[in-house]
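What follows is one structure encoded as structure tokens, with my remarks underneath.
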Amino acid sequence: MKLATRIALSVTVVVPLLVLAAGLLVLGLVSRDLHQQQDTRLQDRASAVLPDVKTLLAADRNGKPKVEQNQHRKVLGDVLDAGLRVRTAEGAVVLEGGPQPADPVRLPERTPDGPVTVRAKGRAWRVLTVPVAGPAPGTLWLFTPASAADPQVVAVRRRVLLVALLAAPVAGLLAYGLAGRATASVRRLSRRAAELDPGAGAAAFASAPVNIAEVDELSLAIGQLLARYEEQAARTAQALDTARSFSAAASHELRTPLMSMRTDLDVLAAHPDLSPAERAEIVRDLQRDHARLLDLLTALRMLARGDLVEVSAFASLDLSELVDTVVGESARRHPEARLDAELPAELRVFGWDAGLAILLANLLGNAAVHGHMPDEPARITVRLHAEGGHAVLTVDDAGPGIAPGEREAVFRRFHHRPGSPGSGLGLTLVAQQVALHRGTVEIGTPPGGAGTRFEVRLPLSAADAPTLRLPKRRDWISRGDYRVSRGD
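The opening residue of the sequence shown carries number -12 in the numbering used here; numbering runs sequentially from there.
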């Protein structure tokens, strides 16, 4: 059933009920007002005839029949259509006339708060009792039927019912027309949603507001839903691309060490009589290839994690504590290197702890492997400080340095120096994590003029950090050739 039809049917039912409810209220008010008017008329007539009633009682006590007869006519003329009864203090009825309750009925001796209702033989009467004081005391009663206002109440009731009956179809037709106009924008929105090409995305659904709060809210909700769908579809496509890239990279890069290991194993199998020295050399080659395989797979896995990480994995963390931990682990992993660290007590950033740990470990590992002269131990200095709203991390070594023309290339995927034992992904991981954290990384020369300096700048933790969005371009495992110094 259409929304306009539902609204019309609801109005058709509700409006007559509201009219009847209002009519009942009005009917009660009208009935109360009519009874008040009756009571007021009784009180006015009592005030008008009271002097004549006193004269009538005095004439009755004094035995003046002519005066008494004249007063009878005068009193009956003054009360008009009301009933009347006059009784002496001894209980004798001096005068009665007009409509009044049939005997026997007990009349109230006093009505200090105004007329009261008395019932006699199925009829209701409004009765006003007025004590008569003076030389000839007595009691005056005035009567009027309580149902005297009924014709007017019945007329009001009929009009209320007529209005309710007419209101049902009229309200239903008007409501259907108005509801049809009110829901026109909803129907247009429904048609647009039905005709929308899912591939067009949220931008194709955007439209100008129609200034109807509910419709604009629904349109905004549909747009947000499409945006989330588009984002999730992009993330799914990216995850598939990452999986394909991981497989392709692993297949390509693992082929050489696997073939080398296969050759060494074939040699061992074919020549069981090798000398211990030759056998030991082949085993060392196998161990080196095995370590290279592990490093390569670990690096590829971390690149894939970085391409797929969500902002929910990010949190405020103490970078000083993290750097101190990674420096300690690197010192144990490279006992021949000399590491010095200058760290503040605390420096907080909004980041992914696993990603930042990989960034730091690869910077220190790169310095330990490449940052020393032949036959000299690596000397590495790590410094961390705050500067201009950023955490600045520098890693200095005393190695041969990197020529300015090669500094951009070292961050590219599988870039190797000649004779390098690494996977060629360590600095690619550094560049990826810098980009994910909206930072920058630059290669320079330490103040002493010799060696290499890696300088990483990361934004300090801020109140709005949890609302930050990760970079849209996240395909490091398949490309890995960005200009990382800009952090994008």
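We put the CB at the ideal spot given by N, CA and C, even for glycine.
Original post:
Looking at GLY210 and the ligand FAD, is the gap between the Cβ and the nearest heavy atom below 7 Å?
Top reply: Inclusion of the ligand FAD in the displayed structure is not the case, the ligand content being empty and no account of it being possible.
VAL6 (DSSP reduced to helix, strand or coil):
Here residue 6 is taken as the residue at index 19 of the sequence shown, counted from 1. Helix.
Legend entry - Buried or exposed by the 16-neighbour rule on C-beta atoms within 10 Å, applied to ALA396: Locating residue 396 in the sequence shown gives position 409, counting from the first residue. When all chains shown are included, ALA396 counts as exposed.
- Query: In this structure, does DSSP put HIS22 in helix, strand or coil?
  - Reply: Residue mapping note: residue 22 aligns to position 35 of the sequence shown, counting from 1. HIS22: helix per DSSP, three-state reduction.
**OP:** Please classify LYS41: is it buried, with 16 or more other beta-carbons within 10 angstroms of its beta-carbon, or exposed?
**Re:** Position 54 of the sequence shown, counted from the start, is the residue given in the question as residue 41. Buried, since its Cβ has 16 or more Cβ neighbours within 10 Å.
Exercise for review: Measure the C-alpha to C-alpha separation of THR312 and LEU207 and round it to an integer number of angstroms.
Suggested key: The residue given as residue 312 occupies position 325 in the sequence shown. The residue given as residue 207 occupies position 220 in the sequence shown. Roughly 47 Å between the two C-alpha positions.
Per the DSSP calculation, ALA257 is bridged to which residue(s)?
To locate residue 257, count along the sequence shown from 1; it is residue 270. Note: ALA257 sits in no beta bridge, so no partner.
- Backbone CA spacing between LEU457 and MET246 [nearest angstrom]: For the purposes of this step, residue 457 is taken as the residue at position 470 of the sequence shown. For the purposes of this step, residue 246 is taken as the residue at position 259 of the sequence shown. The straight-line gap from Cα to Cα measures roughly 39 Å.
* Asked: If you draw a straight line from the C-alpha of HIS357 to the C-alpha of ALA224, how long is it?
  -> In the sequence shown, residue 357 corresponds to position 370, counting from 1. In the sequence shown, residue 224 corresponds to position 237, counting from 1. Each residue's Cα considered, the two are about 37 Å apart.
- [ ] Identify whether PHE301 lies in helix, strand or coil by the three-state DSSP scheme.
- [x] On the sequence shown, position 314 is the one that residue 301 refers to. Coil, per DSSP.
- prompt: Looking at the structure shown, is VAL36 part of a helix, part of a strand, or coil, going by DSSP?
  reply: Your numbering for residue 36 matches position 49 in the sequence shown. It is helical.
Buried versus exposed, by CB contacts within 10 Å (16 or more), VAL471: Residue numbering aside, residue 471 sits at position 484 when the sequence shown is read from its first letter. Low per-residue confidence applies at VAL471: pLDDT is 48, beneath 50, and the placement is therefore not dependable, though the value from the model is reported in the following sentence. With 16 or more Cβ atoms within 10 Å of its Cβ, VAL471 is classed as buried.
Grouping DSSP H, G and I as helix and E and B as strand, with all else coil, what is GLY342? The residue given as residue 342 occupies position 355 in the sequence shown. Note: GLY342 maps to helix in three-state DSSP.
Worksheet item: Rounded to a whole number of angstroms, what is the C-alpha to C-alpha distance between ARG473 and LEU280?
Response: As a working mapping, residue 473 is identified with position 486 in the sequence shown. As a working mapping, residue 280 is identified with position 293 in the sequence shown. Confidence in ARG473 is poor, its pLDDT being 40 and thus under 50, which makes the residue's placement unreliable; the coordinate value appears in the next sentence. Their backbone Cα atoms lie some 32 Å apart in a straight line.
Checklist entry - For the putative contact between LEU82 and LEU43, defined by C-beta atoms under 8 Å, what is the C-beta separation to the nearest angstrom? => result Working through the sequence shown from its first residue, we reach residue 82 at position 95. Working through the sequence shown from its first residue, we reach residue 43 at position 56. So it is a contact: roughly 6 Å between Cβ atoms.
Exposure label - GLN556; buried when at least 16 CB within 10 Å:
There is simply no residue 556 to check, as the chain begins at -12 and stops at 475 in what is shown.
Tell me, to the nearest whole angstrom, how far the beta carbon of ALA385 is from that of GLY438; I am working on the premise that it is less than 8 Å.
-> Working through the sequence shown from its first residue, we reach residue 385 at position 398. Working through the sequence shown from its first residue, we reach residue 438 at position 451. Indeed, because the Cβ distance is near 4 Å, the residues count as touching under 8 Å.
Item to complete: Could you check what DSSP says for VAL1 in three-state terms: helix, strand or coil?
Response: For the purposes of this step, residue 1 is identified with residue 14 of the sequence shown, where counting begins at 1. Taken through DSSP and simplified to helix, strand or coil, VAL1 comes out as helix.
Next item on the list: Determine, using beta-carbon pairs with one atom in the stretch 157 to 175 and one in the stretch 112 to 121, whether at least three such pairs fall under 8 Å.
Entry: no
Under the three-state reduction of DSSP, which class applies to PRO91: helix, strand or coil? Locating residue 91 in the sequence shown gives position 104, counting from the first residue. PRO91: coil per DSSP, three-state reduction.
- Classification of LEU252 by the beta-carbon crowding that lies within 10 angstroms, buried from 16 upward: For this step, residue 252 is matched to residue 265 along the sequence shown. Per the 10 Å Cβ criterion, exposed.
Reduced DSSP category for VAL114 - H, G, I as helix; E, B as strand; rest coil:
In the sequence shown, residue 114 corresponds to position 127, counting from 1. DSSP places VAL114 in strand when its eight states are reduced to three.
Discussion item. Quick test of the definition: if touching needs 3 or more C-beta pairs under 8 Å, does the stretch 84 to 104 touch the stretch 16 to 35?
Written reply: In this structure the stretch 84 to 104 lies against the stretch 16 to 35, because at least three pairs of beta carbons, one per stretch, are closer than 8 Å.
- State the DSSP-derived secondary structure class of LEU71, mapped to helix, strand or coil. Locating residue 71 in the sequence shown gives position 84, counting from the first residue. Residue state, collapsed to three classes: strand.
Express the C-alpha separation of ALA200 and LEU306 in angstroms, rounding to a whole number. Here residue 306 refers to the residue found at position 319 of the sequence shown. Here residue 200 refers to the residue found at position 213 of the sequence shown. In a straight line, the C-alpha of LEU306 is about 47 Å away from that of ALA200.
| said: Mapping the DSSP letters down to three states, classify ASP100 as helix, strand or coil. | reply: Position 113 of the sequence shown, counted from the start, is the residue given in the question as residue 100. Note: ASP100 maps to coil in three-state DSSP.
Practice prompt. Count the other C-beta atoms from every protein chain shown that fall within 10 angstroms of the C-beta of ASP475, then say buried if there are 16 or more, exposed otherwise.
Written response: Position 488 of the sequence shown, counting from 1, holds the residue named residue 475. For ASP475, the predicted model reports a pLDDT of 38, less than 50, meaning its position is unreliable; a value from the coordinates is still stated below. Exposed: under 16 other Cβ atoms inside 10 Å.
Leaving out the 5 sequence neighbours to the left and right, which residues in its chain are closer than 8 Å to VAL6 when beta-carbon positions are compared? Sequence index remark: in the sequence shown, residue 6 carries index 19 (1-based). Only VAL147, VAL150, ALA151 and ALA154 meet the Cβ criterion.
Fill in: Residues bridged to ARG366 (per DSSP)
Residue mapping note: residue 366 aligns to position 379 of the sequence shown, counting from 1. DSSP output for ARG366 lists ARG325 as bridge partner(s).
* Of all the options ARG370, LYS51 and GLY159, which has the alpha carbon lying nearest to the alpha carbon of VAL2? -> On the sequence shown, position 15 is the one that residue 2 refers to. Nearest of ARG370, LYS51 and GLY159 to VAL2, Cα basis: GLY159.
For GLY121, which residues in the same chain have their Cβ closer than 6 Å to its Cβ, ignoring the five residues on either side in sequence?
Against the sequence shown, residue 121 aligns to sequence position 134. For GLY121, where only same-chain residues beyond five positions count, the Cβ hits under 6 Å are LYS41.
Grouping DSSP H, G and I as helix and E and B as strand, with all else coil, what is HIS377? Here residue 377 corresponds to residue number 390 of the sequence shown, with the count starting at 1. Residue state, collapsed to three classes: strand.
message = Rounded to the nearest angstrom, what separates VAL379 and ARG440 at their Cα positions?
response = Against the sequence shown, residue 379 aligns to sequence position 392. Against the sequence shown, residue 440 aligns to sequence position 453. So the two alpha carbons sit approximately 12 Å from each other.
Worksheet item: In whole angstroms, what is the alpha-carbon distance linking ASP39 and ALA8?
Response: Start at 1 with the first residue of the sequence shown, and residue 39 comes out as number 52. Start at 1 with the first residue of the sequence shown, and residue 8 comes out as number 21. The straight-line gap from Cα to Cα measures roughly 48 Å.
Item to complete: Using the Cα positions of GLN419 and GLY293, report the straight-line distance between them to the nearest angstrom.
Response: Looking up residue 419 in the sequence shown gives position 432. Looking up residue 293 in the sequence shown gives position 306. Going from the Cα of GLN419 to the Cα of GLY293 covers about 7 Å.
Whole-angstrom distance between PRO361 and ASP260, CA atom to CA atom
If you number the sequence shown from 1, residue 260 lands on position 273. If you number the sequence shown from 1, residue 361 lands on position 374. Whole-angstrom Cα-Cα distance: 37 Å.
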